[in-house]
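**Q**
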Amino acid sequence: MTFDESANPYPGARPFRPEESPRFFGRSTEAARLGRLWAEQPLTVLYGVTGCGKTSLLQAGALSGRAPLPVGRINGTFATPTTALPLDHNPWTLALLASWAPSERPGTLAGMSVTDFVARHRRRHEGAMLVAIDQFEDLFQGGPHRALHRDGFVRQLVEALDRHPGLRLLVVVRDSRRDDLGDHDELFRRAEWMGLGPLAGPRAFDAVTGPLEGTHRRLGRDAAMMIFDELGGEPIEPVMLQAVCAHLWERLPRTLQLIGREEAFLWADVPGALAAFVAAALGGVADAFGCDPEELRAWAKATLTDGVPVKQGVHDTDGMSNAIVQALEDRHLLRSEPGHRIRLLNESLRPALDRPAPAVRGHEISHLRAAKAALAAGDPDLAAAHAEEALRPSGRGYAAEACAILGDIMIERARFDQADGREPEAAEGFDRALEQYEAALQQYADLNDSTAAARMLTAIGQAALSKGDFAAAVRRLEEAVTLLPRDPAIRTQLARVLWSVGSHRRAMAEIDDVLRAEGDEPTALRARGEFNADQGRAEEALRDLMRAGSGAWPAARAARALALATLERLGPREADEEVGAVREQAPSNGPALYYAARVETLNGDPAAAAGLVRMAVKATEPRLSDQQRERAYALLGEGTDPLRP
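Start counting the sequence shown at 36; every next residue gets the next number (the numbering used here).
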């Protein structure tokens, strides 16, 4: 195959892409094995240390000749404010589905489970449906709010594999996190495992010489051995090998065709290549997180150059935010080890830390980018600091987004306080978030950005709902629908709030309109199924909930159980299973617990129903409205209402 002579055949520090598979050498055996496992096994786990080429093997090796969905990731950022998304969405699931289907609306994807998504796309794939999740170690990052959704996300993967026998899932994870997967044995006990190590011998030689096929150049064995020696000898991390070879290609005279040992020594300049590699890593992370690369360099020199791995703390590593440390590992400067320890990727990088990197000038756009990166990586304090910095310069568009980010941070903290029983702190957090959202709304309105204003109105409505202010939630969501009348996610959320406050006819009209326009939109189907179950229309409820698909949504599961109990199709054992699942998976979901209490009432267990009512009226994600609380109290019977304030 002939390539553009001006194009560098080596990717450098980034992974190989699928279209670069003809230039991917040294991993043919591993690529064949991984491709076979992926095609044959329900779940395959590929693991290895940082920089060993896992992503390249996936993208340029195992993907070769296949046409699955894009490679998935579970850590992503979305348009702020994230509070505008449905309250019960799982952030890990949403990030994964958005990476698999980047052209679909986040609001629609937020209403799907992994099973829902696979069911929708399964018919497009003949035979096995191959999907992949890269950098699965991200599951163990993120803030406390995301951690609350971790088990639910893993249950969705289990459910998807159970319900779709033709699904083939490939998970790629760093070796340092492999033991942590044991905490989710319900998923990973079924996995086939494949390890990937560094390169050595003929495979390392192929990785250096193979990409030159189709160019006018050749690299001799003695030149390759010189590069290996300069990098500390074999075995060798592929990322460092590719970075040095990319550096060599860029410096070679255009007329040079045969690269011998002397030419490689002169033009590869391995120390200079490694210095450039380190500078690029430091500069990229500094730019992403809005900090000074020289501060990062000084930290790395002081912390990691004695060859001893450093223990990571809960939030930082020897004074450096773990979000930034994670980013430095993503850039292959660092390597994590089991036991939450960190060290340089390779000791040959130590001298490169002595060379200065170019400074990165801070400005408001980079502060916004840094705030988003820090929030996604689970460092809300760092995210807030950057968002506040972004407010300092003039520029209303940037200030609006900064306010939205600050609101998101405050909402996340408030929800964590709420889950921890700190109601006064949570209420104060919601109020502060609303102030930021209102400020952003005003600025978007001044800019005549109706789409952004509608998102802000939705977020304000959701925040009001978290506080228990249902009237304000209805008002703000109605305003959002006025600006974006065709957005199914906003209209569905409005319908849910209307139903909560007793406006059943209006709520059902909204949902019916959404389903007429969108077809079997799962979020709307689940909502209508819950409404019908709540009103005793059990047959209609079951039809909608069956069409909606997955049972990953606790309120929908409880509504299905309620419909079956109404039809006397749910025996005591099945009722116990369904109610037990709701209690375990949604201990703070008011409507789900209320439906579960009604199931227990229909199955003749008033004591169990009373316990669930007590949980439901205290629940906060989401809360019961005053009308729903009255109906919940009514289940307790005459003279048994000591819960009332």
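Built from N, CA and C at the ideal position, the CB exists for glycine as well.
1) Taking the alpha carbon of Gly-413 as the point to measure from, which residue in Arg-427, Ala-362, Val-274, Ser-535 has its own alpha carbon closest?
2) Quick one: is Pro-201 buried, meaning 16 or more other Cβ sit within 10 Å of its Cβ, or exposed?
3) Strictly by DSSP, which residues pair up with Gly-729?
4) What residue range is occupied by the uninterrupted beta strand (DSSP E) comprising Glu-372?
5) Do you know whose CA, among Pro-459, Arg-450, Gly-88, Ala-418, lies nearest Ala-439's CA?
6) Please report the distance separating the alpha-carbon of Glu-612 from that of Val-166.
7) Can you give the Cα-Cα distance for Trp-73 and Leu-205, rounded to whole angstroms?
8) Could you pull the DSSP bridge partners for Leu-216 from this structure?
9) Is there contact here, the region 239 to 257 with the region 349 to 363, by at least three beta-carbon pairs under 8 Å?
10) Leu-165 lies in the beta strand (DSSP E); which residues open and close that run?
11) From the DSSP output, in three-state form, read off Leu-671 for me.
12) Mark Thr-85 as exposed unless 16 or more other C-beta atoms lie within 10 angstroms of its C-beta, in which case mark it buried.
13) Consult DSSP for Thr-250 and reduce its assignment to one of helix, strand or coil.
14) Return the Cβ separation of Leu-276 and Trp-302 in integer angstroms, given the expectation that the two are a contact with Cβ distance under 8 Å.
15) Quick check: the Cα distance between Arg-366 and Gly-177, rounded to an integer number of angstroms?
16) Which of helix, strand or coil does DSSP assign to Gly-236?
17) Do Ala-600 and Arg-633 count as a contact pair if the criterion is CB distance below 9 Å?
18) Given a threshold of 16 other Cβ atoms within 10 Å of its Cβ, counted over all protein chains shown, does Arg-427 qualify as buried or as exposed?
19) Figure out for me which residue from Leu-183, Tyr-82, Pro-121 has the closest Cα to the Cα of Asp-744.
20) Would you kindly report the start and end of the unbroken beta strand (DSSP E) that includes Ile-377?
21) Out of curiosity, what's the CA-to-CA distance linking Leu-602 and Phe-171?
22) Is the region 311 to 327 touching the region 336 to 348 in the sense that three or more CB pairs, one from each, lie closer than 8 Å?
23) With a threshold of 8 Å (Cβ to nearest heavy atom), would Arg-224 be considered close to the ligand SAM?
24) Over what stretch of residues does the alpha helix (DSSP H) that includes Tyr-694 continue unbroken?
25) Check for me: the alpha helix (DSSP H) holding Ala-337 runs from which residue to which?
26) So, do the region 502 to 516 and the region 122 to 142 have three or more beta carbon pairs nearer to each other than 8 Å?
27) Could you tell me the boundaries of the alpha helix (DSSP H) in which Phe-312 lies?
28) Measure the C-alpha to C-alpha separation of Arg-664 and Arg-658 and round it to an integer number of angstroms.
29) Just confirm the distance between the C-beta atoms of Thr-150 and Gly-584, as a whole number of angstroms; I'd bet it's less than 8 Å.
30) Mapping the DSSP letters down to three states, classify Ser-356 as helix, strand or coil.
**A** The short version:
1) Ala-362
2) For clarity, residue 201 is Gly in the given sequence; the question names Pro instead. Gly-201 should be labelled exposed.
3) The first residue shown for the chain is 36 and the last is 680, placing residue 729 beyond what the model contains.
4) 369 to 372
5) Ala-418
6) 31 Å
7) 6 Å
8) Looking at the DSSP assignment, Leu-216 forms no beta bridge with any residue, so it has no partner.
9) Counting Cβ pairs under 8 Å, fewer than three are found: no touch.
10) 164 to 168
11) coil
12) Buried, because 16 or more other Cβ atoms sit within 10 Å of the Cβ of Thr-85.
13) DSSP places Thr-250 outside both helix and strand once states are collapsed to three, so it counts as coil.
14) The pair is not a contact, with the Cβ atoms about 16 Å apart (cut-off 8 Å).
15) 18 Å
16) helix
17) yes
18) An exposed status is given to Arg-427, since fewer than 16 other beta-carbon atoms sit within 10 Å of its beta-carbon.
19) Lying outside 36 to 680, the shown extent of the chain, residue 744 is not represented and no answer is given.
20) 376 to 379
21) 43 Å
22) no
23) The model depicted lacks the ligand SAM and carries no ligand whatsoever.
24) Because the chain in this structure spans residues 36 to 680, residue 694 falls outside the shown range and cannot be described.
25) 328 to 339
26) no
27) Unbroken alpha helix (DSSP H) run through Phe-312: 305 to 324.
28) 9 Å
29) 6 Å
30) strand
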